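Under this note's numbering, the residues of the sequence shown are numbered 11 to 91, in order. Just so it is clear, CB atoms sit at the ideal spot from N, CA and C, and this is done for glycine as well. Note that the structure is a prediction, hence the values are computed from the model and not measured.
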Amino acid sequence: MKRYVVEKHILLNAPKNDVWDALTNPEKTKRYFFNCKVISDWKPGSSIRFKGRMFWIIPIELSGTIEKVIPGELLQYKLVN
Numbered sequence: 011m012k013r014y015v016v017e018k019h020i021l022l023n024a025p026k027n028d029v030w031d032a033l034t035n036p037e038k039t040k041r042y043f044f045n046c047k048v049i050s051d052w053k054p055g056s057s058i059r060f061k062g063r064m065f066w067i068i069p070i071e072l073s074g075t076i077e078k079v080i081p082g083e084l085l086q087y088k089l090v091n
């Protein structure tokens with residue numbers, strides 16, 4: 011089985027707290043991530059799930075593990091499906 015890794019770094023012209031809120035607030039993730047809410051307690055080793063309906067039609071659920079968290083600074087997670 012092939013293994014694919016996507017790593018993305020971007021610079022945003024926004025306050026750190028606003029970016030953090032956009033990444034961790036389920037009501038905000040559904041605005042930009044295929045209408046999916048994010049579900050996690052944001053602790054390393056914990057699960058992360060994105061659940062919703064892509065294009066408001068197709069049920070979708072992605073899951074993974076939180077790897078690193080520095081609130082307001084760094085959020086690293088791995089999705090497995």
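Self-check item: Euclidean distance between Cα positions of residue 39 and residue 11
Solution: What you label residue 39 is simply residue 29 of the sequence shown in a count that begins at 1. What you label residue 11 is simply residue 1 of the sequence shown in a count that begins at 1. Cα atoms of residue 39 and residue 11: separation of roughly 30 angstroms, rounded to the nearest angstrom.
Exercise. Under the assumption that residue 73 contacts residue 90 (Cβ atoms under 8 angstroms), give the Cβ distance between them as a whole number of angstroms.
Key: Here residue 73 corresponds to residue number 63 of the sequence shown, with the count starting at 1. Here residue 90 corresponds to residue number 80 of the sequence shown, with the count starting at 1. Contact holds; Cβ gap of about 6 angstroms.
Quiz item: How long is the line joining the alpha carbons of residue 71 and residue 13, rounded to whole angstroms?
Solution: Locating residue 71 in the sequence shown gives position 61, counting from the first residue. Locating residue 13 in the sequence shown gives position 3, counting from the first residue. Their backbone Cα atoms lie some 20 angstroms apart in a straight line.
Quiz item: residue 29 to residue 36, Cα distance in whole Å?
Solution: Locating residue 29 in the sequence shown gives position 19, counting from the first residue. Locating residue 36 in the sequence shown gives position 26, counting from the first residue. About 13 angstroms.
Quiz prompt | residue 52 and residue 79 closer than 8 angstroms at C-beta | solution = The residue given as residue 52 occupies position 42 in the sequence shown. The residue given as residue 79 occupies position 69 in the sequence shown. In terms of Cβ geometry, residue 52 and residue 79 form a close pair [threshold 8 angstroms].
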